[in-house]
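Enquirer: Going down the list, the sequences are from chains D and Y. Once you know that position 67 of the first sequence is 151 in our numbering, the rest is easy, because the numbers rise by one and skip nothing. Once you know that position 194 of the second sequence is 195 in our numbering, the rest is easy, because the numbers rise by one and skip nothing. Structure in structure tokens, see below.
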Amino acid sequence: MSNNTIISAKNLSLTFQTNDGPVHALKDVSLDIEKGDFVSFIGPSGCGKTTFLRVMADLEQPTGGLVTVNGVSPEEARKARAYGYVFQAAGLYPWRTIGGNIRLPLEIMGYDKADQAERVKRVLELVELDGFEKKFPWQLSGGMQQRASIARALAFDADILLMDEPFGALDEIVRDHLNEQLLQLWARTQKTIAFVTHSIPEAVYLSTKIVVMSPRPGRIADVIESSLPKERPLEIRDSPEFIEIAHRVREGLRAGHSDE
Amino acid sequence: MRNLFPVLTVVAALIVLWYGAAVWLNTPWAYDKAQRAGVELSTTELIKDTWSQKKPKLPAPHQVTREIWKTTVEKKITSKRSLIYHSWVTLSATLLGFALGTVLGIALAVGIVFNRTMDMSVMPWVITSQTIPILAIAPMIIVVLNAVGIQGLLPKAIISMYLSFFPVVVGMVKGLRSPDHMQLDQMRTWHASAAQTFWRLRLPSSMPYLFTSLKIAMAAAIVGAIVGELPTGAVAGLGARLLAGSYYGQTIQIWSALLVAAALAATLVAIIGLIQRIVLNRMGMAQ
Numbered sequence: 085m086s087n088n089t090i091i092s093a094k095n096l097s098l099t100f101q102t103n104d105g106p107v108h109a110l111k112d113v114s115l116d117i118e119k120g121d122f123v124s125f126i127g128p129s130g131c132g133k134t135t136f137l138r139v140m141a142d143l144e145q146p147t148g149g150l151v152t153v154n155g156v157s158p159e160e161a162r163k164a165r166a167y168g169y170v171f172q173a174a175g176l177y178p179w180r181t182i183g184g185n186i187r188l189p190l191e192i193m194g195y196d197k198a199d200q201a202e203r204v205k206r207v208l209e210l211v212e213l214d215g216f217e218k219k220f221p222w223q224l225s226g227g228m229q230q231r232a233s234i235a236r237a238l239a240f241d242a243d244i245l246l247m248d249e250p251f252g253a254l255d256e257i258v259r260d261h262l263n264e265q266l267l268q269l270w271a272r273t274q275k276t277i278a279f280v281t282h283s284i285p286e287a288v289y290l291s292t293k294i295v296v297m298s299p300r301p302g303r304i305a306d307v308i309e310s311s312l313p314k315e316r317p318l319e320i321r322d323s324p325e326f327i328e329i330a331h332r333v334r335e336g337l338r339a340g341h342s343d344e
Numbered sequence: 002m003r004n005l006f007p008v009l010t011v012v013a014a015l016i017v018l019w020y021g022a023a024v025w026l027n028t029p030w031a032y033d034k035a036q037r038a039g040v041e042l043s044t045t046e047l048i049k050d051t052w053s054q055k056k057p058k059l060p061a062p063h064q065v066t067r068e069i070w071k072t073t074v075e076k077k078i079t080s081k082r083s084l085i086y087h088s089w090v091t092l093s094a095t096l097l098g099f100a101l102g103t104v105l106g107i108a109l110a111v112g113i114v115f116n117r118t119m120d121m122s123v124m125p126w127v128i129t130s131q132t133i134p135i136l137a138i139a140p141m142i143i144v145v146l147n148a149v150g151i152q153g154l155l156p157k158a159i160i161s162m163y164l165s166f167f168p169v170v171v172g173m174v175k176g177l178r179s180p181d182h183m184q185l186d187q188m189r190t191w192h193a194s195a196a197q198t199f200w201r202l203r204l205p206s207s208m209p210y211l212f213t214s215l216k217i218a219m220a221a222a223i224v225g226a227i228v229g230e231l232p233t234g235a236v237a238g239l240g241a242r243l244l245a246g247s248y249y250g251q252t253i254q255i256w257s258a259l260l261v262a263a264a265l266a267a268t269l270v271a272i273i274g275l276i277q278r279i280v281l282n283r284m285g286m287a288q
């Protein structure tokens with residue numbers, strides 16, 4: 085654990101008690117996320133990738149091991165509003181405008197009115213939704229709604245962005261576009277991003293570090309440091325380097341399934 | 002306009018059925034009269050008689066309509082015989098009872114949603130309260146309140162409230178709990194307080210449920226107000242008209258009070274429906 089470690093998990097375990105007996109969602113998971121990292125979590129359903137993210141966000145309580153976020157417990161980090169969380173669905177309130185939705189966390193956190201307006205304007209520009217402040221969610225496409233929800237997570241000063249399959253429900257073309265935008269946004273804001281996905285190309289394209297997970301019990305099968313440059317045009321996906329990393333991810337996923 | 006045709010068809014069918022039933026139910030009395038007078042009735046005469054008796058078993062629609070016309074348009078509204086006067090008496094108790102019931106219902110629902118003890122303890126009592134026949138409890142409320150010097154509008158409104166708070170509690174508990182896990186988790190990630198979650202998420206989310214409940218509550222409130230008028234010695238109100246009508250066998254009066262009560266309820270529910278449409282449209286929640 086270096087000075088730059090933002091999120092650190094040590095021997096983390098989480099067991100859900102269900103009617104069919106205990107389910108080991110996470111078992112002995114250890115991982116360090118450095119400042120400025122873009123870490124993807126990939127794996128089949130039930131591998132605990134979303135659970136891991138939710139533990140970092142203090143939305144689930146681990147049954148064993150230790151997690152720190154910014155050097156403190158997830159609960160303290162949450163109360164200090166250390167992270168923005170983007171869910172699978174945009175979850176915008178239909179009775180609020182796009183601007184109103186982005187203002188929602190700012191109102192809750194007690195930012196003053198002028199500051200709120202300035203921040204809403206700034207993050208809308210960041211996700212290229214300027215001019216949509218007064219529109220209602222139903223007037224936007226699914227991809228634009230998800231961008232608005234990312235803007236909402238960026239509106240307050242959190243250095244960490246936790247994203248749980250944010251583009252899972254969108255079609256391939258929209259997803260490509262949003263991936264490109266997300267990389268630019270990450271480069272500009274210097275945030276530390278933890279990103280859960282089902283898609284191998286998405287994980288490889290976005291990440292500096294890819295965490296391959298496998299199920300029953302949920303554990304880390306492989307951690308791949310990406311050798312791709314920071315500057316990544318979409319065409320990089322056809323490069324031998326990209327294909328090599330994607331291959332290694334696929335191998336890792338297959339290895340996790342070998343016990344079935 | 003698209004909805005008008007089926008509605009009119011049903012109304013026409015009901016009116017035909019009603020006239021037929023009037024003939025069927027009033028025939029024995031028509032024959033009785035004819036026999037005593039020693040005359041034979043032709044079919045036309047028989048039908049004419051069944052549709053124009055003074056105290057028929059079932060008055061024909063035009064008799065009821067004429068009675069309503071006489072007691073609304075042709076009477077001054079200050080008259081004790083004006084149905085508008087009686088409607089207002091009932092309406093004022095209904096509206097006050099509805100308002101009290103709505104406030105009580107929302108307050109209980111908030112308590113149930115936010116307080117585990119209330120969740121466990123209050124709901125069974127709320128349900129039990131509705132299993133007691135309102136006819137049994139209404140006179141008690143009137144008598145008890147009278148004993149402490151409360152008379153007039155308030156006792157009736159309280160009976161009305163007793164019926165109308167129930168759908169509001171049930172609907173609002175469901176409505177305030179309608180935000181899904183993701184929305185509540187989202188609030189948690191922002192470290193929002195319970196009050197912030199209530200005002201910004203739970204309350205707006207409950208609006209569709211609230212309006213559905215309010216429609217049922219309004220219909221229940223008018224029933225409560227009418228029932229509340231029965232034990233007051235039949236002074237005023239649509240309930241009083243119903244009771245007086247049944248004392249003196251004035252079936253036409255009963256039916257006209259009944260129809261006016263139904264029209265009143267329909268109008269009130271329609272008004273809530275209209276407000277519901279406007280509010281939910283503005284909130285982007287119209288179904």
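Glycine included, every Cβ here is placed at the ideal spot set by N, Cα and C. Here the structure is a predicted model, which is why all the values come from computation and not from measurement.
Answer yes or no: does any C-beta atom of chain Y fall closer than 7 Å to that of Lys163 (chain D)?
Expert: In the first sequence, counting from the first residue as 1, residue 163 (chain D) sits at position 79. With 7 Å as the cut-off, Lys163 (chain D) counts as an interface residue toward chain Y.
Enquirer: So who's on the other strand from His108 (chain D), going by DSSP bridges?
Expert: Here residue 108 (chain D) refers to the residue found at position 24 when the first sequence is read from its first residue. D:Thr99, per the DSSP bridge assignment.
Enquirer: Over what stretch of residues does the beta strand (DSSP E) that includes Ala278 (chain D) continue unbroken?
Expert: As a position in the first sequence, residue 278 (chain D) is number 194, starting the count at 1. Where Ala278 (chain D) is concerned, the enclosing beta strand (DSSP E) stretches over Thr276 to Thr281.
Enquirer: Does any residue of chain D bring its CB to less than 7 Å from the CB of His192 (chain Y)?
Expert: Taking the first residue of the second sequence as 1, we reach residue 192 (chain Y) at position 191. Answer yes: the Cβ-Cβ gap between His192 (chain Y) and chain D drops below 7 Å somewhere.
Enquirer: Between Leu110 (chain D) and Ser97 (chain D), how many whole angstroms is the CB-CB distance? I'm expecting something under 8 Å.
Expert: In the first sequence, the residue the question calls residue 110 (chain D) occupies position 26. In the first sequence, the residue the question calls residue 97 (chain D) occupies position 13. Contact holds; Cβ gap of about 6 Å.
Enquirer: Indicate whether the contact test is met: 3 or more Cβ pairs, each with one atom in the region 18-27 of chain Y and one in the region 42-54 of chain Y, closer than 8 Å.
Expert: Yes: the two stretches touch, three or more of their Cβ pairs being nearer than 8 Å.
Enquirer: Just to confirm the assignment, what range does the alpha helix (DSSP H) spanning Ala100 (chain Y) have?
Expert: Mapped onto the second sequence, residue 100 (chain Y) falls at position 99. Ala100 (chain Y) -> alpha helix (DSSP H) spans Leu84 to Phe115.
Enquirer: Between Gly168 (chain D) and Leu245 (chain D), is the Cβ-Cβ spacing less than 7 Å?
Expert: Locating residue 168 (chain D) in the first sequence gives position 84, counting from the first residue. Locating residue 245 (chain D) in the first sequence gives position 161, counting from the first residue. Going by C-beta atoms, Gly168 (chain D) is nearer than 7 Å to Leu245 (chain D).
Enquirer: Less than 7 Å between C-beta atoms, sequence neighbours within five positions excluded: which residues of the same chain meet that for Val224 (chain Y)?
Expert: Within the second sequence, residue 224 (chain Y) is the residue found at index 223, counting from 1. So the qualifying residues of the chain are Leu164.
Enquirer: What does Pro301 (chain D) reach in chain Y if we use C-beta pairs closer than 7 Å?
Expert: As a first step, residue 301 (chain D) must be located in the first sequence, where it is residue number 217. Those within 7 Å of Pro301 (chain D) in chain Y number zero; the least Cβ separation is about 24 Å.
Enquirer: For Trp222 (chain D), which residues in chain Y fall below 9 Å Cβ to Cβ?
Expert: Looking up residue 222 (chain D) in the first sequence gives position 138. Near Trp222 (chain D) (Cβ distances below 9 Å), the residues of chain Y are Gly285.
Enquirer: Please decide whether Ile192 (chain D) counts as near chain Y, where near means a Cβ-Cβ distance under 7 Å.
Expert: What you label residue 192 (chain D) is simply residue 108 of the first sequence in a count that begins at 1. Yes, contact with chain Y.
Enquirer: I'd like the ranges of any alpha helix (DSSP H) spanning at least 4 consecutive residues and lying wholly in the region 165-248 of chain Y.
Expert: Whole alpha helix (DSSP H) segments, 4+ residues: 182-190, 195-198, 208-230 and 239-248.
Enquirer: Please report the straight-line C-alpha distance between Lys1 (chain Y) and Val270 (chain Y), rounded to a whole angstrom.
Expert: Missing from the structure shown is residue 1 (chain Y); chain Y here goes from 2 to 288 and no further.
Enquirer: For Leu254 (chain D), return the contacting residues in chain Y, with the cut-off set at a CB-CB distance below 8 Å.
Expert: Position 170 of the first sequence, counted from the start, is the residue given in the question as residue 254 (chain D). The premise fails here: Leu254 (chain D) is roughly 17 Å from chain Y at the closest Cβ pair, so nothing lies under 8 Å.
Enquirer: Could you tell me whether the Cβ atoms of Ser291 (chain D) and Ser311 (chain D) are closer together than 7 Å?
Expert: Counting from one through the first sequence, the residue named residue 291 (chain D) turns up at place 207. Counting from one through the first sequence, the residue named residue 311 (chain D) turns up at place 227. Contact: no.
Enquirer: Between the Cα of Gln254 (chain Y) and the Cα atoms of Y:Thr103, Y:Arg203 and Y:His63, which residue gives the shortest distance?
Expert: Your numbering for residue 254 (chain Y) matches position 253 in the second sequence. Here the closest residue by C-alpha is Y:His63.
Enquirer: Since Leu188 (chain D) meets chain Y, which of its residues come closer than 7 Å, beta carbon to beta carbon?
Expert: Numbered from its first residue, the first sequence carries residue 188 (chain D) at position 104. Here the neighbours are Arg201.
Enquirer: Name, going along the chain, the residues of the region 116-148 of chain Y whose beta-carbon falls closer than 8 Å to a beta-carbon of chain D.
Expert: For the region 116-148 of chain Y, which is checked against every Cβ of chain D, not one residue is closer than 8 Å.
Enquirer: Tell me whether Ile91 (chain D) is buried or exposed, calling it buried when 16 or more other Cβ atoms sit within 10 Å of its Cβ.
Expert: Locating residue 91 (chain D) in the first sequence gives position 7, counting from the first residue. It is buried - the Cβ of Ile91 (chain D) has at least 16 other Cβ atoms within 10 Å.
Enquirer: Rounded C-beta distance between Gln184 (chain Y) and Leu202 (chain Y)? I'm assuming under 8 Å.
Expert: Here residue 184 (chain Y) refers to the residue found at position 183 of the second sequence. Here residue 202 (chain Y) refers to the residue found at position 201 of the second sequence. Indeed, because the Cβ distance is near 6 Å, the residues count as touching under 8 Å.
Enquirer: For Ile142 (chain Y), which of Y:Glu230, Y:Val280, Y:Ala110 and Y:Phe167 has the nearest alpha-carbon?
Expert: Position 141 of the second sequence, counting from 1, holds the residue named residue 142 (chain Y). Looking at the Cα atoms, Y:Glu230 is the closest of the given residues.
Enquirer: How about Gly289 (chain Y) and Phe166 (chain Y): do their beta carbons lie closer than 7 Å?
Expert: Outside the displayed span of chain Y (2 to 288) sits residue 289 (chain Y), for which this structure offers no information.
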